[in-house]
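Here the sequence shown is numbered in the working numbering, starting from 439 and rising by one per residue.
Have a look at the structure below before the remarks.
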Amino acid sequence: MTPIQKCLINKNTKINPVWLMRQAGRYLPEFREIRKQNPNFIKLCLNTDLASEITLQPIRRFGFDGAVIFSDILMLPYGLGQKVEFEKNFGPKLGDIDLETIRDVDEIIFSEKVYKVYKAIEKTSKDPLMSNRDMIGFVGAPWTILVYMINKSSPKKGLSDDFFKDDFLINRLLGIIEKFLKLHIKNQIEAGAQVIQIFDSWAGLLENKIPEYIYIPTLNIVDYVKKLGVPVICFPRGIKENYKDFNNLVKPDGINIDSEIDPDWAKDKLKDVVIQGGLDPRTLLKTDDEIFKGATKYIKAFKDMPYVFNLGHGLLPETDPAKVEKLINFYRSS
Ligand code: 1CP
């Protein structure tokens, strides 16, 4: 078994694995160099050699215990035939949804559209650098994918008032999203993914209907991953004290806490689950002392428990890689 698997499945308390969300990406000069030559982000994700190289860049630098495949949660709508583009200084821009066309997409059409992601996982898994390291595959949670597909851009400024206006569309889409998320997960596992993380980055946008849009659809996916025999980590960002209900109902193997969650609260309320993450990524923009102090809070709280060190959200693009190195060295030596 690989280190993160040992922590999640065997509840081994001696391993203390570490990886960071968004560890492959914009804060690394070697990534920016490749990105400059590859203005089309989706094409870059579908370039097996480059996607694999980008996945390994942070492993080479920092020796993380897990490598997260360089891809994006929006490969799902892309595979379903929705237009997906990334505009500089704007973020993702999606095309209109045509339910008629999406309805006709079958498993073969989807898998063929994104099969290079699976090839990249396969290639990366075979790299000597990956020995005794976890290959982490991922998807967006049904709710977060629904948000992007309907909103068609980042919901940073909140959901539009008419987001829920078309009940029929929402329910049909959720069913389709769930079906293809399962396929996308199965394909990643068959290609070599040893851990699956489900990112629900926009879970915090919902004030009610949380069971309907978060707990139930995520539980369906989590049960499916468990049936495939692979450990699954959930990240329902921003749901505050609902983390407790989420954990009791969805029962993932691991749960990534966001930076708003107090680690002592998490220790007390989140039972029968391995906790991951928590440290505010903005801490890495501060002085060394502040970084060590921030990390110590989590190290102390989860001492003698199985815990996967990570952040409370993705690394910020402006992070200095030297600070990441200091954090990892500090964690490893503490
Ligand atoms: O160079 C660029 O401009 C591209 C930046 C970039 C990168 C490096 C995007 C666009 N996606 C990625 C890779 C990525 N995305 C990974 C693999 C790398 C790694 O984690 O090490 C992963 C796991 C994701 C997941 C992802 N994409 C999430 C969930 C995690 C989170 O940060 O909340 C989300 C919400 C996305 C959508 C997305 N893709 C890219 C951007 C800029 C965004 C966010 C847009 C928004 O604010 O709504």
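Beta carbons: idealized from backbone N, C-alpha and C, even for Gly.
Note that the coordinates shown come from a computational prediction; the quantities given were computed from them, not determined experimentally.
{"Item": "Outcome for F747 when other beta-carbon atoms lying within 10 angstroms are tallied against a minimum of 16", "Value": "buried"}
{"Item": "Reference G752, options E616, F602, S639 and G529, closest by Cα", "Value": "S639"}
{"Item": "Own chain residues within Cβ distance below 7 Å of T451, not counting five before or after", "Value": "D742, M743 and P744"}
{"Item": "Per-residue DSSP class, three states only, for P649", "Value": "helix"}
{"Item": "Contact check, I802 vs V552, beta carbons under 8 Å", "Value": "Lying before the first or after the last residue shown, residue 802 is absent from the chain, which here runs from 439 to 772."}
{"Item": "Cβ distance (whole Å) where T721 is taken to contact E728 below 8 Å", "Value": "6 Å"}
{"Item": "Neighbourhood of K561 by C-beta distance below 8 Å, restricted to the same chain and skipping five residues each side", "Value": "T486, D487 and S490"}
{"Item": "Whole-angstrom distance between S509 and Q475, CA atom to CA atom", "Value": "17 Å"}
{"Item": "Y745 - partner residues in DSSP beta bridges", "Value": "I713"}
{"Item": "Buried versus exposed call for N448 [16 or more other C-beta atoms within 10 Å across all chains shown]", "Value": "exposed"}
{"Item": "Straight-line gap, L518 to E468 (C-alpha atoms, nearest Å)", "Value": "31 Å"}
{"Item": "Cα-Cα separation, K531 to K590", "Value": "6 Å"}
{"Item": "Check: M459 C-beta below 7 Å from any heavy atom of ligand 1", "Value": "yes"}
{"Item": "Any non-hydrogen atom of ligand 1 within 7 Å of F524 CB", "Value": "yes"}
{"Item": "DSSP beta-bridge partners of V506", "Value": "I574"}
{"Item": "Where P454 falls: helix, strand or coil (DSSP)", "Value": "Sequence check: residue 454 is Asn here, not Pro. Coil at N454, not helix or strand."}
{"Item": "Cβ pair C483, V555 closer than 8 Å", "Value": "yes"}
{"Item": "Own chain partners of Y769 with C-beta closer than 8 Å, once the 5 adjacent residues on each side are dropped", "Value": "N454, V456, A733, I737 and F747"}
{"Item": "Segment contact flag, the segment 696–705 with the segment 652–667, C-beta cutoff 8 Å, min 3 pairs", "Value": "no"}
{"Item": "DSSP state of G750 mapped onto helix, strand, coil", "Value": "coil"}
{"Item": "Distance, F548 Cα to M459 Cα", "Value": "26 Å"}
{"Item": "C-beta atoms of N625 and T440 nearer than 8 Å", "Value": "no"}
{"Item": "Range of the contiguous beta strand (DSSP E) that encloses V543", "Value": "That residue, V543, is in no beta strand (DSSP E); it is neither H nor E in DSSP."}
{"Item": "Close Cβ partners of F740 (< 8 Å) along its chain, the five nearest in sequence each way excluded", "Value": "P701, K705 and I713"}
{"Item": "Close-in-space but distant-in-sequence residues of the same chain around V522 (CB under 7 Å, 5 per side omitted)", "Value": "I480, L512, P515, Y516, P530 and L532"}
{"Item": "Identified DSSP bridge partners for G533", "Value": "Looking at the DSSP assignment, G533 forms no beta bridge with any residue, so it has no partner."}
{"Item": "In DSSP terms, what C672 is bridged to", "Value": "I636 and I693"}
{"Item": "heavy atom of ligand 1 below 7 Å from F747 C-beta", "Value": "no"}
{"Item": "Close Cβ partners of K707 (< 6 Å) along its chain, the five nearest in sequence each way excluded", "Value": "K682"}
{"Item": "Residue from L619, D534 and V670 with nearest C-alpha to D572", "Value": "V670"}
{"Item": "Rounded distance between the beta-carbons of E616 and P580, thought under 8 Å", "Value": "6 Å"}
{"Item": "Closest by C-alpha distance to D726, when choosing among N646, D758 and I614", "Value": "D758"}
{"Item": "Collapsed DSSP secondary structure at S772 in the structure displayed", "Value": "coil"}
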